[in-house]
Amino acid sequence: MLYHRGTGETHLLDALTVEILDILRSNTLSTPTLAEELARRCQRSADAEWQARIGTTLERLEFLSLVERQR
Amino acid sequence: MSSPDPLLTVLREPGRMTLLSTAEWDRLLRMARAHRLLAKLGELARGEGIECRLPHRALDNIRAAQVWVDHFQLRIRRELREVRRAIGSPIPLVLLKGAAYMMAGLPPAAGRSFADLDLLVRFEDLQTVEQAMLETGWHSQVENEYDQRYYRQWMHEIPPLVHPLRGVEVDVHHNLLPSVGRFRPAAKALWERATPLESNGLFVLSPEDMVLHSAVHLVVSDELRGGLRDLFDIHQLYCHFFRRDRGFPAVLLERARSLGLAKPLFYVLQASHELLHTPYEAELLDYRNFGLRNPFQRVLMCHLVKEVLRPRPPEAAPPSFRRWLLYVRSHWIRMPPGLLLGHLTRKSVRRIRERVEEKGGGIP
Amino acid sequence: MTPDSLGEEGFLRQVRSGLTIRFGPFRICLRSPLLEAARVFRRLYPDIKLEKDEGIRDFHVEVFPPSGVRRWWRPQVEFRLDGEKPFEPFPRDHAFPLFEWGLNYAIATRAHNYCLLHSAVLEKNGRCLILPALPGSGKSTLCAALMLRGWRLFSDEFGILQPETGRMLPMPRAIPLKNRSIEVIRRFEPGALLGPLFPKTRKGDVAHLAPSRSSLERQGEEGKAGWIVFPRFVPGSSTLVSSVSGSEAFVRLSNNSFNYHLLGEIAFRALTDLVRESECHALRYSDLDEAVAMFDRMVG
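Protein chains in written order, with our numbering: chain S, 1 to 71; chain F, 1001 to 1364; chain W, 2001 to 2300.
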């Protein structure tokens, strides 16, 4: 469970999303770098499917205003 | 004139909250709630360091109201972020009223509830801003074609926009008052003095324009309900700006004259002086400085504005005739008389129709 | 002083001029000239302690016939909260249910110093049983049955959670039984003290069950978290208990709260603590006696 102070909304997150937010809390990373770091933590390869999955999750997090895309 | 009214008493001197009997508290809480000033009482008490000396039951009620205020401030903050994101940074925005007080950290923001986000944009940016917001999911709240036309043609703002997921009303203005009214401050002049905030591209009005806007809004607005809250904004703003700069009264007066807003400012300063005992400098209380040549109009308007703003106990009926007079007046100020007649009758017809079509009230 | 000890005449007079009562953490001033509503109140709350009609009241409630012509051709009644009228008028006969609903509305829209769950709450041995109100849960019937079997009634409608302490606060009131559940409770406990039947209200037929005497007497005693049970009434099913994960309980509780979104972080913290300290279950039942027995076993 996560309460987000900026939006006042509560989210029920899966483990992967929690990892993403944990990493992004202190860093700004590109999607590929983030995907690699996550793959390392989950002990799997950062293949195209994985990259796509991380990309979709990030889009969803952006929609929820939990992460911001840097322009 | 002395008044036994507990709400005015504590707004003038918050320290007196510690002297009230529980019967007076009972009245005070009801009146403060009706005037949207309940959470403000808590902030005033905190400012005096007397929060812990208030009756428990009063504090419970005040805290409940503060929860509401915090929630709305959070929503407005977030909405502002979303607007910024939607329109991109090169377009400057001036925050108005509640949002301005909040983002600039001014005293009226504490304990103040506001449901709408009011923004001022340059006229040439208006279309870009509206387009960008409509494309990012905001919807126009006005579908009726007459109302759309009314806004576009005569008003100083576009029809309110609301994002359906968040429900906050965003009012995008290009001026402080309608384009056709008696009082027409030049928007350009406001931009010249606007103060930038730390955040990129965000501005608030200069101190004198902020007070002027609030004052004019109070006199011209057709929604006089809860006007005491807005009057207290002016009281707090003035005290704050005067503490920072002893020259503020002169700047305010000069600005009111040059923008043609001296009259409404005078009425409001009088009302806040009499009701809230705002300690204005003598030059701000002398009608000769405001170009009010018609003594009858001056006395009548000062009386009307003050009496409409005077808080009423919850059981008392609103002063409807006075309100109606001011309602008509507020439109008369904003529109040429011929247009006004058409507008009022259409509005009344629609209101009656809505009342007839209205379904029964909901019960939880 | 209680409605009973005042006598009917004295009590009606008091309601007309202003009656101050305490329901849980709230002090309420009720004023009404309507004899029938006051009589029903007296029947359902004979032993509630009346307070001095002064000091701070959280809610000033008036149940009055509306002024104007309309009352001559169809008797009506209006609910006023501090001078505001949140609802359309009701038929005059429904003045008492209107008072009860109106007061619920007042609490749900104002008492944001508490985290307000939409749940029935009962207590045993200092621990609270929370029954969230979900469609088809039959929580009012279940709540009435548990109270009639000795559980202390906190509320049929509000789980009042105090965020600073994590304690639940009682607010025992009459339980509005609807439609078939009126007959079910009559059969379950023939001695139950029920008010008159109000036919065809906006929620169907309604009759109120009086809160038990001990619940009212002990309405100042708070309770700790105990159990969160999501009941579901399934005709013909046996009594079945299954466990529910904390996160699911949290989501269902917060979605079912009156002011979760308003309180934000305060509610998030209070509710996560509440769920952490509670045992969370789902219950399927059809037989009321069996369900009550199951709850008693749960307490141990």
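Glycine residues also receive a C-beta, built at the ideal position from the N, C-alpha and C atoms.
query = What do you get for E2100 (chain W), buried or exposed, if any count of 16 or more other CB atoms within 10 angstroms of its CB means buried?
reply = With 16 or more other Cβ atoms inside 10 Å of its own Cβ, E2100 (chain W) counts as buried.
inquiry  = Would the stretch 2138-2149 of chain W count as touching the stretch 2286-2295 of chain W if we require 3 or more Cβ pairs under 8 Å?
reply    = Flag = yes, the stretch 2138-2149 of chain W and the stretch 2286-2295 of chain W touch.
task = Closer than 8 Å by C-beta to E1051 (chain F): which residues in its own chain qualify, once you throw out the five before and the five after it? Chain order, please.
result = Excluding residues up to 5 positions away in sequence, G1042, A1045 and L1059 lie with their Cβ nearer than 8 Å to the Cβ of E1051 (chain F) in the same chain.
request  = Report the residues of the stretch 2108-2142 of chain W with a CB closer than 7 Å to any CB of chain F, ordered along the chain.
outcome  = So the list reads A2108, R2110, A2111, H2112 and N2113, given in the order they occur along the chain.
ask   = Looking at the structure shown, is T31 (chain S) part of a helix, part of a strand, or coil, going by DSSP?
value = Residue state for T31 (chain S) is assigned as helix, using DSSP reduced to three classes.
Cβ neighbours of W2151 (chain W) in the same chain (closer than 6 Å, five flanking residues each side left out) = Spatial neighbours of W2151 (chain W) in its own chain (CB-CB distance under 6 Å, excluding positions within 5 residues in sequence) are listed in chain order as L2122 and K2124.
task = Look at the alpha carbon of D2058 (chain W) and the alpha carbon of F2026 (chain W), and state the distance between them as a whole number of angstroms.
result = A direct Cα-to-Cα measurement between D2058 (chain W) and F2026 (chain W) gives close to 6 Å.
task = Please name the residues in the stretch 1-15 of chain S whose beta-carbon is closer than 7 Å to at least one beta-carbon of chain W, in chain order.
result = The residues in question are M1, Y3, R5, G8, T10 and L12.
Collapsed DSSP secondary structure at P1364 (chain F) in the structure displayed = Because P1364 (chain F) sits at a pLDDT of 26, beneath the cut-off of 50, its placement in the model cannot be relied upon, and the point is left open.
ask   = Tell me the DSSP bridge mates of Q1954 (chain W)?
value = Past the boundaries of the shown model lies residue 1954 (chain W); chain W is included only from 2001 to 2300, so the question cannot be answered.
inquiry  = Less than 9 Å between CB atoms is the rule here; does S2254 (chain W) satisfy it with respect to chain S?
reply    = By the rule that beta-carbons nearer than 9 Å mark a contact, S2254 (chain W) touches chain S.
query = Is the CB-CB distance between P1311 (chain F) and L1228 (chain F) below 9 Å?
reply = Yes. Within cutoff.
message = Which of the three DSSP states is assigned to M1155 (chain F) in this structure?
response = M1155 (chain F): coil per DSSP, three-state reduction.
key: Distance, Y1146 (chain F) Cα to M1102 (chain F) Cα   = Near 35 Å, if we compare the C-alpha coordinates of Y1146 (chain F) and M1102 (chain F).
key: Spatial distance of Q1270 (chain F) from E1079 (chain F) (CA atoms)   = If you draw a straight line from the Cα of Q1270 (chain F) to the Cα of E1079 (chain F), it is about 36 Å long.
message = Check whether chain F comes within 9 Å of R2027 (chain W), counting only Cβ atoms and requiring the distance to be less than that.
response = With 9 Å as the cut-off, R2027 (chain W) counts as an interface residue toward chain F.
inquiry  = Assuming M2229 (chain W) is part of the beta strand (DSSP E), what are its boundary residues?
reply    = For the record, residue 2229 (chain W) in the displayed sequence is Val; it is not Met. Segment K2224 to F2233, the beta strand (DSSP E) holding V2229 (chain W).
key: Span of the alpha helix (DSSP H) around G1042 (chain F)   = For G1042 (chain F), the enclosing alpha helix (DSSP H) covers residues L1038 to E1048.
inquiry  = Strictly below 9 Å CB to CB, what residues from chain S border G2264 (chain W)?
reply    = Within chain S, the residues near G2264 (chain W) are Y3, R5, G8, E9 and T10.
request  = Output yes or no for whether 9 Å exceeds the beta carbon distance between L2081 (chain W) and R2039 (chain W).
outcome  = No.
request  = Compare the C-beta of H2060 (chain W) with all C-beta atoms of chain F and state if any pair is closer than 9 Å.
outcome  = Interface residue, yes.
Simplified DSSP assignment, three categories, for T57 (chain S) = Three-state result, T57 (chain S): helix.
message = Residues in the same chain with beta-carbon distance under 7 Å from L1341 (chain F), minus the five sequence neighbours each way, listed in chain order, please.
response = The pLDDT assigned to L1341 (chain F) is 45, lower than 50, so where the model puts this residue is not dependable; a value taken from the coordinates is nonetheless given after this. In its chain, beyond the 5 residues on either side, no residue has a beta carbon closer than 7 Å to the beta carbon of L1341 (chain F).
inquiry  = For a contact defined as C-beta to C-beta under 8 Å, what are the partners of A1023 (chain F) on chain W?
reply    = Taking the beta carbon of A1023 (chain F) as reference, the chain W residues within 8 Å of it are E2054 and G2055, listed in sequence order.
key: Rounded separation between A1132 (chain F) and L1265 (chain F) - CA only   = Cα to Cα, A1132 (chain F) sits roughly 36 Å from L1265 (chain F).
query = For P1055 (chain F), does the three-state DSSP call read helix, strand or coil?
reply = Coil.
ask   = For W1138 (chain F), which residues from the same chain have a beta carbon less than 6 Å from its beta carbon, with the 5 sequence-adjacent residues on both sides left out?
value = The residues are L1161 and H1163.
ask   = How many angstroms separate the CA atom of M2298 (chain W) from the CA atom of N2104 (chain W)?
value = Rounded to whole angstroms, the gap between the alpha carbons of M2298 (chain W) and N2104 (chain W) is 30 Å.
key: Other residues of its chain near V1142 (chain F): CB distance less than 8 Å, five sequence neighbours each side excluded   = Here the set comprises Q1148, Y1151, P1159 and P1160.
Close beta carbons around A1187 (chain F), own chain, < 8 Å, minus the five adjacent residues each side = Cβ within range, chain order: L1120, R1122, F1123, H1174, N1175 and L1176.
ask   = By the 10 Å Cβ neighbour count, where 16 or more other Cβ atoms means buried, how is L1277 (chain F) classified, buried or exposed?
value = Looking at the sequence itself, residue 1277 (chain F) is His, so the reference to Leu does not match. When all chains shown are included, H1277 (chain F) counts as exposed.
message = Could you compute how far the alpha carbon of T1136 (chain F) sits from the alpha carbon of H1071 (chain F)?
response = Each residue's alpha carbon lies about 24 Å from the other.
query = Can you name, in chain order, every residue of its own chain whose Cβ lies under 8 Å from the Cβ of G2010 (chain W), other than the five neighbours on each side?
reply = Hits under 8 Å: none found.
message = Need the endpoints of the alpha helix (DSSP H) that E1208 (chain F) sits in, please.
response = Taken as a continuous stretch (DSSP letters only), the alpha helix (DSSP H) holding E1208 (chain F) covers P1207 to V1220.
task = With DSSP as the reference, label H2281 (chain W) as helix, strand or coil.
result = Under the three-state reduction of DSSP, H2281 (chain W) is assigned to strand.
query = Hey, out of F:R1166, F:L1037, F:N1200 and F:W1191, whose CA is closest to E972 (chain F)'s CA?
reply = Summary: the structure shown does not reach residue 972 (chain F), with chain F confined to residues 1001 through 1364, and so no result is reported for it.
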